[in-house]
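Peer 1: My questions all concern the structure below.
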Amino acid sequence: MHGAEGAEGMQIYLPIAEMSVNVFVILGLGGGVGFMSGLFGVGGGFLMTPLLIFLGVPPTVAVGTEANQIVASSVSGVLAHWRRGNVDVKMGLILTLGGFVGSTLGVYVFKWLRGLGQIDLVISLLYIVFLGIVGSLMLVESIQALVASKRNGGNVPVRKKHQHSWMHGLPFKMRFRRSQLYISAIVPAAIGLLVGILAALMGVGGGFIMVPAMIYLLGMPTAVVVGTSLFQIIFVTANATFLQSTMNHTVDVVLALLLLLGGVIGAQVGARFGVKLKGEQLRSLLALMVLGVCVKLLFDMVTVPGELFAAGTGGKH
């Protein structure tokens, strides 16, 4: 009986989620996702939110709380990158501006969908679509880079920096010295807007879209991308968290604090490991994990559709 009592003692009650969870499981989740945040330069929410849902946390609470946890793990990650001079503050501010507008808009959409009783279903569908697309694209690209580097005797072919595209014809051009770019501010602001909407609806920092967009659309150097992505994630998810807690009351502080504790430690360790691995190796690892989560979500959705619709129509308001 002592073993059962010990296990019971590790349980903690989450007031907003209205359920009990094992403290060490949540701390472990926070640490694992924080590690990835530091390693890949992503907020980690795209993994954490589905993992919380798999544990039985209501999707609305998982989304609202995870945005909160991302703020802290991103701050921890940014500090590590800031020390190396890998943050383009000017670019980060433009992305943040778009992100503020997007996250505010997203929280209003979240509230509307919740009123209709369809928010749980929408959250799951968004995850399946985005994780499937992003994971597949990243996997293909990283495999191509690995193959190309083997052909070139271990050297990854360098992309041409100043390829001209439709973006170069846009107005409001700005010089981003740290990224060595001279481009229109409209494109990073638009990327920030999209990522802000996703931050509110999916409880993500949006790094899994932001990072590829900054590399392939904007042509930023990979070294600067991770730190700059985490920089804007801090402000955009902080805005989403504030609005989710005041408008939708979906932020569980107890859950957030446990995730934070694990996440901050994990992010520091991840940032150290990230230095030791090659970029294309990191991207292929991340792609496989993204696809794994996508498959699990899809499987759950197909096998328990009755429960999903029950959650959708009978959810608490």
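Throughout, this note's numbering is defined as the position within the sequence shown, counted from one, plus 354.
Ideal Cβ placement from N, Cα and C applies to all residues, glycine included.
Source: prediction; values computed, not measured.
What is the C-beta distance between residue 580 and residue 563, in whole angstroms, given that I count them as a contact (C-beta under 8 Å)?
Peer 2: Not confirmed; about 14 Å, so no contact.
Peer 1: Hey, how far is the Cα of residue 477 from the Cα of residue 443?
Peer 2: Cα to Cα, the separation comes out at about 31 Å.
Peer 1: Could you give the first and the last residue of the continuous alpha helix (DSSP H) run that contains residue 411?
Peer 2: Here residue 411 belongs to no alpha helix (DSSP H), and DSSP marks it neither H nor E.
Peer 1: Cα-Cα, which of 616, 630, 528 is closest to residue 447?
Peer 2: Of the candidates 616, 630, 528, the one whose C-alpha sits nearest the C-alpha of residue 447 is 528.
Peer 1: Starting from the C-beta of residue 497, find all residues in its chain whose C-beta is less than 7 Å away, skip the five residues before and the five after it, and write them out in chain order.
Peer 2: Closer than 7 Å at Cβ, skipping near neighbours: 638.
Peer 1: Just to confirm, are residue 404 and residue 481 a CB contact at a threshold of 7 Å?
Peer 2: Yes, these two residues count as a Cβ contact at 7 Å.
Peer 1: Quick one: give me the first and last residue of the beta strand (DSSP E) that residue 586 is part of.
Peer 2: Per DSSP, residue 586 belongs to no beta strand (DSSP E); it is in the alpha helix (DSSP H), 576-597.
Peer 1: On a CA-only basis, which of 642, 364, 445 is nearest residue 542? Give me that one, please.
Peer 2: With distances taken between Cα atoms, residue 542 lies closest to 445.
Peer 1: Which whole-angstrom value is the C-beta distance of residue 613 and residue 456, which I expect to be below 8 Å?
Peer 2: Contact flag wrong, Cβ pair sits at about 23 Å.
Peer 1: Taking buried to mean at least 16 other C-beta atoms within 10 Å of its own C-beta, is residue 502 buried or exposed?
Peer 2: When all chains shown are included, residue 502 counts as exposed.
Peer 1: DSSP puts residue 555 in a beta bridge; with which residues?
Peer 2: Its beta-bridge partners do not exist; DSSP assigns none.
Peer 1: In the DSSP assignment, find the unbroken beta strand (DSSP E) run with residue 526 in it and report its ends.
Peer 2: Note, residue 526: premise wrong, no beta strand (DSSP E); not H, not E.
Peer 1: Return the chain-ordered list of same chain residues with a C-beta closer than 6 Å to the C-beta of residue 511, the five sequence neighbours on each side being excluded.
Peer 2: Caution applies to residue 511, whose pLDDT of 48 falls short of 50 and renders its modelled position unreliable; the value that the coordinates give is listed next. If we look at residue 511 and ignore the five residues flanking it on each side, its Cβ neighbours are 502.
Peer 1: Please classify residue 450 as buried or exposed, where buried requires at least 16 neighbouring CB atoms within 10 angstroms.
Peer 2: With 16 or more Cβ atoms within 10 Å of its Cβ, residue 450 is classed as buried.
Peer 1: Could you compute how far the alpha carbon of residue 430 sits from the alpha carbon of residue 423?
Peer 2: So the two alpha carbons sit approximately 11 Å from each other.
Peer 1: How many angstroms separate the CA atom of residue 420 from the CA atom of residue 576?
Peer 2: Taking the straight line joining both Cα atoms gives about 26 Å.
Peer 1: Determine the direct distance from the alpha carbon of residue 490 to that of residue 475, and round the result to whole angstroms.
Peer 2: Distance between the alpha carbons of residue 475 and residue 490 is about 23 Å.
Peer 1: Taking the CB atoms as reference points, tell me whether residue 428 and residue 587 lie closer together than 7 Å.
Peer 2: Yes, the Cβ-Cβ distance between residue 428 and residue 587 is below 7 Å.
Peer 1: In angstroms with no decimal places, state the Cα-to-Cα distance between residue 656 and residue 556.
Peer 2: Distance between the alpha carbons of residue 656 and residue 556 is about 20 Å.
Peer 1: Looking at residue 414: is its Cβ nearer than 7 Å to the Cβ of residue 370?
Peer 2: Against a cut-off of 7 Å, the Cβ pair of residue 370 and residue 414 comes out as no contact.
Peer 1: Do you know whose CA, among 399, 434, 417, 380, lies nearest residue 624's CA?
Peer 2: Answer by Cα proximity: 434.
Peer 1: Given this structure, state the Cα-to-Cα distance separating residue 390 from residue 605, to the nearest angstrom.
Peer 2: Distance between the alpha carbons of residue 390 and residue 605 is about 23 Å.
Peer 1: Buried or exposed, going by whether 16 or more other CB atoms sit within 10 Å of the CB of residue 551?
Peer 2: So residue 551 counts as buried.
Peer 1: Go to residue 473, then tell me how far its alpha helix (DSSP H) extends in each direction, as first and last residue.
Peer 2: Segment 473-505, the alpha helix (DSSP H) holding residue 473.
Peer 1: What residue does the alpha helix (DSSP H) around residue 387 start on, and which one ends it?
Peer 2: Start and end: 377-394.
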